[in-house]
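Comments concern the structure below.
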Amino acid sequence: MKKASQICQSKLPDNTALKQQQLPAYRLQLSATGVLSGFFATGAFCLGVGIILILSAKSIKEIEIKYTKICANCAELREDAINFDKECTCSIPFYLSETMQGNVYLYYKLYGFYQNLYRYILSRSNSQLVGTDLKDVGNCAPFSKSHNGTPIAPCGAIANSIFNDTIILSYNLNSSIHMEVPMLRSGITWWTDKYVKFRNPTAINLSSAFTGTAKPPFWSKSVYELDLEDTENNGFLNDDFIVWMRTAAFPTFKKLYRRLNRVQYFIEGLPAGNYSFNITYNFPVTRFKGEKSVVLSTLTWSGGSSLFLGLAYTVTGAVTWLAAFSMMAIHLMLKEKRTLFIER
Amino acid sequence: MWRWVRQQLGFDPPHQSDTRTIYIANRFPQNGLYTPQKFIDNRIISSKYTVWNFVPKNLFEQFRRVANFYFLIIFLVQLMIDTPTSPITSGLPLFFVITVTAIKQGYEDWLRHNSDNEVNGAPVYVVRSGGLVKTRSKNIRVGDIVRIAKDEIFPADLVLLSSDRLDGSCHVTTASLDGETNLKTHVAVPETAVLQTVASLDTLVAVIECQQPEADLYRFMGRMIITQQMEEIVRPLGPESLLLRGARLKNTKEIFGVAIYTGMETKMALNYKSKSQKRSAVEKSMNTFLIIYLIILISEAIISTILKYTWQAEEKWDEPWYNQKTEHQRNSSKILRFISDFLAFLVLYNFIIPISLYVTVEMQKFLGSFFIGWDLDLYHEESDQKAQVNTSDLNEELGQVEYVFTDKTGTLTENEMQFRECSINGIKYQEINGRLVSEGPTPDSSDGNLSYLNSLSHLNNLSHLTTSSSFRTSPENETELIKEHDLFFKAVSLCHTVQISNVQTDGIGDGPWQSNLAPSQLEYYASSPDEKALVEAAARIGIVFIGNSEETMEVKTLGKLERYKLLHILEFDSDRRRMSVIVQAPSGEKFLFAKGAESSILPNCVGGEIEKTRIHVDEFALKGLRTLCMAYKQLTSKEYEEIDRRLFEARTALQQREEKLADVFQFIEKNLILLGATAVEDRLQDRVRETIEGLRMAGIKVWVLTGDKHETAVSVSLSCGHFHRTMNILELINQKSDSQCAEQLRQLARRIKEDHVIQHGLVVDGTSLSLALREHEKLFMEVCRNCSAVLCCRMAPLQKAKVIRLIKISPEKPITLAVGDGANDVSMIQEAHVGIGIMGKEGRQAARNSDYAIARFKFLSKLLFVHGHFYYIRIATLVQYFFYKNVCFITPQFLYQFYCLFSQQTLYDSVYLTLYNICFTSLPILIYSLLEQHIDPHVLQSKPTLYRDISKNRQLSIKTFLYWTILGFSHAFIFFFGSYFLIGKDISLLGNGQLLKPNHQMMFGNWTFGTLVFTVMVITVTVKMALETHFWTWINHLVTWGSIIFYFVFSLFYGGILWPFLGSQNMYFVFIQLLSSGSAWFAIILMVVTCLLLDIVKKVFERQLHPTNTEKAQMEEDKGSVSSAYEFAESKHRGEDSRHLLAEACSQQDSSCVH
């Protein structure tokens, strides 16, 4: 029999599940009960997560102080690029009413500064930053070479426009004792940035490594002078520099500047009391109608300060339940109608 | 010069003389007074490409497609100007699309090459240098003498030189050319007919002059100049000596012919029409959507450009201190910058046009069409035929059909003519088991029971009587009855044009008309199946037509051979609708036998049971039988002489021959004596009634177009359920004049208006139709549209096509489908939107010219209701989804421009831009569009009304399109602003680095933001597809979840390595950092849920409040919850059964199966 069917080359199509479109399958139907239970479950989940997120966000303490207006004289000075070498400092006292528990982070925040411009983002040289080729400044226009033709290191618009205010937080224990709050300058970047993407050129010391390059035009000091105390934090490996080089997505952004070194008085965090920010004002923002602020904040497991995520979850959960209830009402009504119809 | 260029390009045919001169066997004259003509070789080329021109030609053809051309332009723009995205982002997808299409087309062309090679490489025997040489078909040159053996196909157009018969005649069938299955006789010129051996042919010196190749199969003019003993004989050549390529030699052992047209110049090749490009309604709406998207794209680019320049009017934004312009930028002209900015935005947003849409649609159609061929339900066991797909472009059109035009004979019916009944001399007989049994009310018994007994007694009576003589019903008037029956069946077996083929072991499945009913080894070939059925019936009864040679017809009456001298044949024509023969009986008497439609025979009869026969004929017609009347008259020798003379005169008349002949025929065929009538049944195909009923329930209007006569057509219509008994049948027939026709039409329209409750059926005949179409198209269409069933009878092939064209161009522009099986249906099959060929008995002409070919009419219901429905749903969702996912894709990019001063910064990394359409989101939709079954196929087949839900291209209406587009936009807004508010606005939110180590605070930049949006988008878009999928097979699971997993794995991999060849290291560790943030996960989940909730809520509400029939059926099905696994097992069983059956059948006729 088998032989016969082999010899006879029939055109009979194969009876396989695929060819007969009869693959075993689960039929997904949006049935009323399924959808309703799904909705209730989703709603419960969203509400739960939302409440948890809100509660955890509540525990976050945050202080933001805009200092463009407070330091108006400095801002005015920086309007004009000619005054670049005149130093201007500004002190902003403030009172912390509650202790900031745990890790405290210090940020600077810029308003109206577009780090996401197409040309701006392009204007950097990765091969230079990774330390392999200091002379590669091809993409860095218009900040690729200095007037005398030496390549700029680090080249490009991003590096050139680095945020160069110095912010020092001091704690006024009482009217006489002003102590600088100990801050860590390192550990604020991505590990991969610090140890893979950014490398200093190899040489006996940093300054010789950068010979034959010029500092960016807006910089007051060379790249190998960024942190003279800590060699691990100098040159391209400077944390502030690396943080700046990660361009922000929106014109209003904040970037991590320092984190609290929890020693002595500050083992628990920042105790309540009088503080002041001592700011060396270098970065001009009034030219593009921008603003600067300084932010102190704590963190929880879920992230930063905003309530938005928690609120969004809560609202979504509530809306889901609302939809579920109205669907259930309609479903029941229709069912009643149908049974009535059948009874008749 | 210009002319030369045009010639080279093929616009002008090269200048040629009107005739070609062919030297037989290429023996050119010695004196050199000839100009050698160049002829092409005998290669048939149906392929489009060669190895050399494939790349340029295919590329050229692909870039003629608007979408591909558009992407090419974008690609070039990217290469030329400085744009935010690299040329790879559009170059790679374009390359991918082009490559996939090229592979598909290359594969199809490779198949064509293969079949060409098979044809061109077929062995043929050619006479060369005095011997037979075996060579390949493609090597035949014009002038070669070719030998063809029996049942071989002619490899070129040949002029017949000689055959194995003395008179130089041979028989061929041209079934594959024009669908005519009768044997045709071709004759050679007497001078060459005697040259029956290779050696003698070698002595032939002759020249053929003939016209240049033309496509008309039936026209050929030429002459042969034969040089014999220093003198030239000129013989005219006509179509009767031309053997066409593609025809098959029958009944003749071998022939010799000289090739005159070869290769692409043969009539077959010239008739080969490249398939007209039919485009489906879906493709048309797809193009509309593309244009809408193009408009969206351009307006987005314009808005962006304008906003960019308004913004830049302020100096602080034009050139902030931290982003100074380069020298080059400052110096370039403003207009140039404006244009290049516009182009850059165009490039940035160009992904809104789904690049892979076309290629996915093409793959879907190509792969999806296999399911039709694979379908066991469309497999016909008896003929071992499965459904065949000739064009995959129209799959979804099968779900859109609004009008079905069907042929009757061979399509609704089996086209197996069976002699059923006859009426001889006013008495009705039925054929039962090869014997005639009188039926109906006979004078002595009116009771049904008695008549049954009566007929039984007849049976017994006959069974022993027929062995000795003819039929008798009662001994008294025996002689007279014998005479009547005898004459009747003699008339049947003499008055025809049937050819005979007495071969014993002809290959099965070869000739179209073999019948296992024919006694002994006789095989009849006839142009009309009716004639064949009649001759066969006569043979069964005992009067066997044995053959005709020269001028005699041999008939064996109950074993006794009789020779009739065939004096004249008065051929059948459709005006007279009858034919007759004049024969001389062995006794010397001359008879005229006539056969024809009752309307053309009865009026000319003067004797016989005219009234009774008329009643019987009507009864036959009511049963749906095809009737013919037979009559005869005896001619005195004086009468015959006059007839002979007048016929000769008319036949040789130089002017108005036709009219004169018609007059003579009319003169001859009168004062006949009626013998009786025959009734032949053409059995209805299986399940025709159910199929037509289903079509009607599906909202499809069914028109039957037939060449049959009015009464037969109506009765078949009734029996196949096309017309109901309850239907009010309107008639528009026998209209002679324009005004009469108009009046009748107006009356019909009024009648329809008056009672619109009842269903109406309309019967039109060919002549009335042509009148109605000539002047009163609108009125006619009005009437037709209000009729639920229309029957057109007496239609010519071209009329069929014309009716379809008329419906096609009517204001509603309905989608039409034509079904037919014969060569006469080809024109309508090609005219209709979808052409279905029935692989029946009338050759394969229809099947070959159709878009889909099926074995039986009943398969139409599965083809339309299941396959058509599925394909439509699949492709409609495919198209909508593609636009949706690209809106989702590119709108965030557009929105981002508002936050980056329109500086054209991309939101996504260029690798993501490139791979979104070709990797991350391509497979789920493709698999969906191949496997989706939104309802169980059995439900679809059993509920044809569901077909109405997708009529009028509903799934692709502007409304649904807008819904999908708006959905896309709103999803895109959620992606972008969700990410913006949840993450982007306050970066610290992303803050805490690793979930488990909350003491790390990481900064996220623009690439992280883009990746977040992209991740949400890939998940949402894939899950949205999952929500659309009703039929979840393991493949769906694999590709859906696989796509998401692939995206994650790919991103981890891509971000995990510093790729040396990528200039920017933007994405390094971005994805990993993103995923290590807890709040990012929360944000992703929230956004996906929000996007889909909206959609689900809308869906559920719509389902609950206004469910469509399909959705109702889905819900019912859900309640019934038929286990599909069980069904599968059952059908598997069924398949095995049929396999067993087949195997058995095979083992029985093993000999015929082993090839």
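Residue numbers (this note's numbering), protein chains in the order written: chain A, 1 to 344; chain B, 10001 to 11155. Just so it is clear, CB atoms sit at the ideal spot from N, CA and C, and this is done for glycine as well. Computed from a predicted structure; not experimentally measured.
Neighbour-count burial assignment, histidine 10722 of chain B, 16 or more Cβ in a 10 Å radius: buried
Residue from B/Ser10600, B/Leu10290, B/Thr11029 and B/Val11097 with nearest C-alpha to alanine 25 of chain A: B/Thr11029
Phenylalanine 10857 of chain B and methionine 10630 of chain B closer than 8 Å at C-beta: Not closer than 8 Å, so no.
Opening and closing residue of the beta strand (DSSP E) in which phenylalanine 10593 of chain B lies: 10590-10596
Three or more C-beta pairs below 8 Å linking the region 10115-10133 of chain B and the region 10205-10217 of chain B: no
Secondary structure of leucine 9944 of chain B, DSSP reduced to three states: Here chain B comprises residues numbered 10001 to 11155, so residue 9944 of chain B is not present and cannot be evaluated.
For valine 10205 of chain B, the three-state DSSP class (helix, strand or coil): coil
Whole-angstrom distance between aspartate 10375 of chain B and lysine 19 of chain A, CA atom to CA atom: 7 Å
Beta carbon of threonine 9969 of chain B nearer than 8 Å to that of valine 10077 of chain B: Residue 9969 of chain B lies beyond the residue range present for chain B, which begins at 10001 and ends at 11155; the question has no answer from this structure.
Cβ pair leucine 10635 of chain B, lysine 10595 of chain B closer than 8 Å: No.
One or two residues paired with methionine 10579 of chain B in a DSSP bridge: B/Lys10595
Segment contact, 8 Å Cβ cut-off, at least three pairs: the region 11035-11045 of chain B with the region 30-48 of chain A: no
Nearest-angstrom Cβ-Cβ length linking serine 97 of chain A and serine 170 of chain A, presumed shorter than 8 Å: Contact doesn't hold; Cβ gap of about 18 Å is too wide.
Counterpart residues of valine 10702 of chain B in DSSP-defined beta bridges: BP columns for valine 10702 of chain B point to B/Val10404 and B/Ala10789.
Continuous beta strand (DSSP E) assignments of at least 3 residues falling wholly in the region 10125-10186 of chain B: 10131-10136, 10145-10149, 10157-10163 and 10169-10174
Straight-line Cα distance separating arginine 10725 of chain B from tyrosine 10070 of chain B: 58 Å
For asparagine 10068 of chain B, the first and last residue of its enclosing alpha helix (DSSP H): 10066-10080
Burial state of lysine 255 of chain A (16 or more Cβ within 10 Å): buried
Residues of its chain near glutamine 10105 of chain B, where Cβ-Cβ distance is below 7 Å and the 5 sequence neighbours each way are ignored: Closer than 7 Å at the Cβ level, and outside the excluded window around glutamine 10105 of chain B, lie Asn10058.
Inter-residue Cα distance where the pair is methionine 10294 of chain B and isoleucine 10353 of chain B: In the sequence as displayed, the identity of residue 10294 of chain B is leucine instead of methionine. Distance between the alpha carbons of leucine 10294 of chain B and isoleucine 10353 of chain B: 7 Å.
Closest Cα partner of isoleucine 10074 of chain B within the set B/Pro10056, B/Pro10093, B/Glu10061 and B/Phe10060: B/Pro10093
Contact between the region 175-195 of chain A and the region 232-243 of chain A (3+ Cβ pairs under 8 Å): A contact exists between the region 175-195 of chain A and the region 232-243 of chain A.
Partner residues on chain A for glutamine 11073 of chain B, Cβ-Cβ distance less than 7 Å: Trp190
C-beta neighbour in chain B for alanine 249 of chain A, strict 8 Å: yes
Residue of B/Thr11011, B/Ile11045, B/Tyr10916 and B/Ile10927 minimising C-alpha distance to threonine 10089 of chain B: That would be B/Tyr10916, whose Cα lies nearest to the Cα of threonine 10089 of chain B.
Span separating the alpha-carbon of glycine 156 of chain A from that of leucine 122 of chain A: 8 Å
CB-CB length for leucine 10806 of chain B against glycine 10761 of chain B, believed under 8 Å: Not really, about 19 Å apart at Cβ, beyond 8 Å.
Rounded separation between leucine 10465 of chain B and cysteine 10422 of chain B - CA only: Residue confidence is low: leucine 10465 of chain B scores 37 on pLDDT, short of 50, so the model does not pin down where it sits. Its coordinate-derived value is still stated next. In a straight line, the C-alpha of leucine 10465 of chain B is about 20 Å away from that of cysteine 10422 of chain B.
CA-to-CA distance, valine 11049 of chain B to methionine 10363 of chain B, given in whole angstroms: Roughly 27 Å separates the two Cα atoms.
Residues of the region 40-63 of chain A with Cβ closer than 8 Å to any Cβ of chain B, in chain order: Thr42, Cys46, Val49 and Leu53
Close Cβ partners of phenylalanine 10054 of chain B (< 7 Å) along its chain, the five nearest in sequence each way excluded: Gly10106
Presumed contact (8 Å Cβ cut-off) between tyrosine 313 of chain A and cysteine 46 of chain A, rounded CB distance: Their Cβ separation, rounded to whole angstroms, is 5 Å, which keeps tyrosine 313 of chain A and cysteine 46 of chain A in contact under 8 Å.
Where the region 11087-11098 of chain B meets chain A: residues whose CB sits under 7 Å from a CB there: Val11089, Thr11090, Leu11093, Ile11096 and Val11097
Within chain A, partners of histidine 11030 of chain B - CB distance below 8 Å: Correct list: Arg27, Leu28 and Gln29.
Identity of the residues DSSP links to aspartate 133 of chain A by a beta bridge: DSSP lists no partner for aspartate 133 of chain A.
Alpha carbon of glutamate 10300 of chain B to alpha carbon of glutamine 10324 of chain B, nearest angstrom: 27 Å
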